[in-house]
Ligand SMILES: Nc1nc2c(ncn2[C@@H]2O[C@H](COP(=O)(O)OP(=O)(O)O)[C@@H](O)[C@H]2O)c(=O)[nH]1
Ligand SMILES: [Mg+2]
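Put into structure tokens, the structure is as follows:
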């Protein structure tokens, strides 16, 4: 495909175009992903998650400056279903971000709920692969830590940063359990606000209670607004990457991810193909009616549908 060629030659226009095709589940997507695959697997993936307004985008902005200074090229995918904006507005409306947008070593892409046909997490993951094939050294996925799909997105990362804010009067105990599990590094942003020290201490305590061997997630006080603590975060990211590499865990994580993705893909293909053929071949009304009237249980109805399209049931 011509656009794939252009992408591999470094065309940013092709990069933007291909991400759109992938996001919109274009019929050529499968072919695109297949052609790009041999060029993927080189980028380092960083997931950044946290509540809306925690300061993730501000932090990404600071990280970009630091990473570019170190000579890395960076891609950013911001997934924010809570944002009404799509197509670049989430980050792009910020003046500092626009500065980055002029830097050819940086590519920023926003995703809303749009293109979530096959799930936003798959769309984001495939966008990552397109950026990876393009040759970005580091890819940052910024996502709101609200639902399972957002957690799934960061599970695809090599290093995950959880961004918290000073809890004020609240205790950190209210932090969603799932979020604590996935953090490799914790940031307490907005350290200019009251209660920051206490939050840092509480998060440390919570992490200490886990007493797991291996990597101890650092808890870093940050003020993204002024860039304070960002160097420490960059150092921790480097340390975590080195740790994973030293222990052979990077390979292990990526293998685990490959297994999960394969399973999800089979599930997706089966689900869409099977459901499509059921819907085109069979009128579902009488099945639905029978279930609603309690004349037939849903399990046997579902199996009957599969039987009628000759799918193993
Ligand atoms: N006081 C304070 N505000 C911050 C800091 N970092 C970000 N903010 C503000 O928090 C708000 C949300 O930031 P944003 O980066 O968009 O958060 P996101 O939704 O997590 O991406 C913005 O108004 C930022 O200016 C900080 O270190 N201190
Ligand atoms: Mg944001």
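In the working numbering, the protein residues as written are 50 to 362. Note that beta-carbon positions come from the ideal geometry of N, C-alpha and C, so glycine has one too. No experiment lies behind these values; they were computed from the predicted model shown.
Leaving out five residues on either side along the sequence, give the residues of the same chain with a beta carbon under 6 Å from the beta carbon of residue 201. The sequence position of residue 201 within the chain shown is 152, counting from 1. Answer for residue 201: 170, listed in chain order.
Return helix, strand or coil for residue 332, following the three-state DSSP convention. The residue you call residue 332 lines up with position 283 of the chain shown. Reduced to three states, the DSSP call for residue 332 is coil.
Counting by C-beta, which residues lie closer than 6 Å to a heavy atom of ligand 1, in chain order? 99, 101, 102, 103, 104, 105, 106, 107, 238, 239, 241, 242, 272, 273 and 274
Is residue 160 closer than 7 Å to residue 128 when the C-beta atoms are compared? Position 79 of the chain shown holds residue 128. Position 111 of the chain shown holds residue 160. Going by C-beta atoms, residue 128 is nearer than 7 Å to residue 160.
For residue 137, which residues in the same chain have their Cβ closer than 8 Å to its Cβ, ignoring the five residues on either side in sequence? The residue given as residue 137 occupies position 88 in the chain shown. A caution first: residue 137 carries a pLDDT of 40, below 50, which makes its placement in the model unreliable, though a value can still be read off. Contacts found: 157, 158 and 159.
List, from N- to C-terminal side, the alpha helix (DSSP H) runs of 4 residues or more that fit wholly inside the stretch 314-360. 334-341 and 347-357
To which residues of the same chain is residue 233 closer than 8 Å at the C-beta, ignoring the five residues directly before and after it? Along the chain shown, read from residue 1 onward, the residue named residue 233 stands at position 184. Taken in chain order, the residues that qualify are 208, 209, 210, 264, 266 and 289.
Rounded straight-line distance, which links the Cα of residue 330 to that of residue 57: On the chain shown, position 8 is the one that residue 57 refers to. On the chain shown, position 281 is the one that residue 330 refers to. Distance between the alpha carbons of residue 57 and residue 330: 42 Å.
Applying the 10 Å Cβ sphere with the 16-neighbour rule, what's the burial state of residue 97? For the purposes of this step, residue 97 is taken as the residue at position 48 of the chain shown. So residue 97 counts as buried.
Tell whether a beta-carbon distance below 7 Å holds between residue 315 and residue 270. Your numbering for residue 315 matches position 266 in the chain shown. Your numbering for residue 270 matches position 221 in the chain shown. No. Outside cutoff.
Euclidean distance between Cα positions of residue 411 and residue 187: No information on residue 411 is available, as it lies outside the stretch 50 to 362 that the chain covers here.
Where does residue 151 fall in DSSP's three states? Within the chain shown, numbered from 1, the residue matching residue 151 stands at position 102. Coil, per DSSP.
Three-state secondary structure assigned by DSSP to residue 166: Here residue 166 corresponds to residue number 117 of the chain shown, with the count starting at 1. Because the pLDDT of residue 166 is 49, which lies under 50, any placement of that residue in the model is unreliable, and the number read from its coordinates should be weighed accordingly. Here residue 166 sits in coil by DSSP.
Can you tell me which residues form a DSSP beta bridge with residue 227? Counting from 1 along the chain shown, the entry for residue 227 is found at position 178. Answer is none; residue 227 lacks a bridge partner.
Beta-carbon contacts of residue 293 that lie in its chain and below 6 Å, excluding the five residues immediately before and after: Taking the first residue of the chain shown as 1, we reach residue 293 at position 244. Excluding positions up to five away in sequence, the list reads 299.
Under the three-state DSSP convention, the category residue 180 falls into: As a position in the chain shown, residue 180 is number 131, starting the count at 1. Residue 180 falls in the helix class under three-state DSSP.
Does the beta-carbon distance from residue 122 to residue 182 come in below 7 Å? Position 73 of the chain shown, counted from the first residue, corresponds to residue 122. Position 133 of the chain shown, counted from the first residue, corresponds to residue 182. Contact: no.
Can residue 268 and residue 252 be called in contact, C-beta distance under 7 Å? The count along the chain shown starts at 1 and reaches residue 268 at position 219. The count along the chain shown starts at 1 and reaches residue 252 at position 203. Against a cut-off of 7 Å, the Cβ pair of residue 252 and residue 268 comes out as a contact.
Nearest candidate by alpha-carbon position, reference residue 191, set 255, 102, 242 and 148: The residue labelled residue 191 in the question sits at position 142 within the chain shown. Measuring from the Cα of residue 191, the nearest candidate turns out to be 102.
Exposed or buried, residue 110, counting other C-beta atoms within 10 Å across all chains shown (16 or more means buried)? Along the chain shown, one-based indexing puts residue 110 at 61. When all chains shown are included, residue 110 counts as buried.
Can you give the Cα-Cα distance for residue 334 and residue 360, rounded to whole angstroms? Position 285 of the chain shown, counted from the start, is the residue given in the question as residue 334. Position 311 of the chain shown, counted from the start, is the residue given in the question as residue 360. Cα to Cα, residue 334 sits roughly 20 Å from residue 360.
Is residue 283 near ligand 4 - that is, is its Cβ less than 6 Å away from at least one heavy atom of it? Absence of ligand 4 is noted for the structure shown, with ligand 1 and ligand 2 being the only ligands found.
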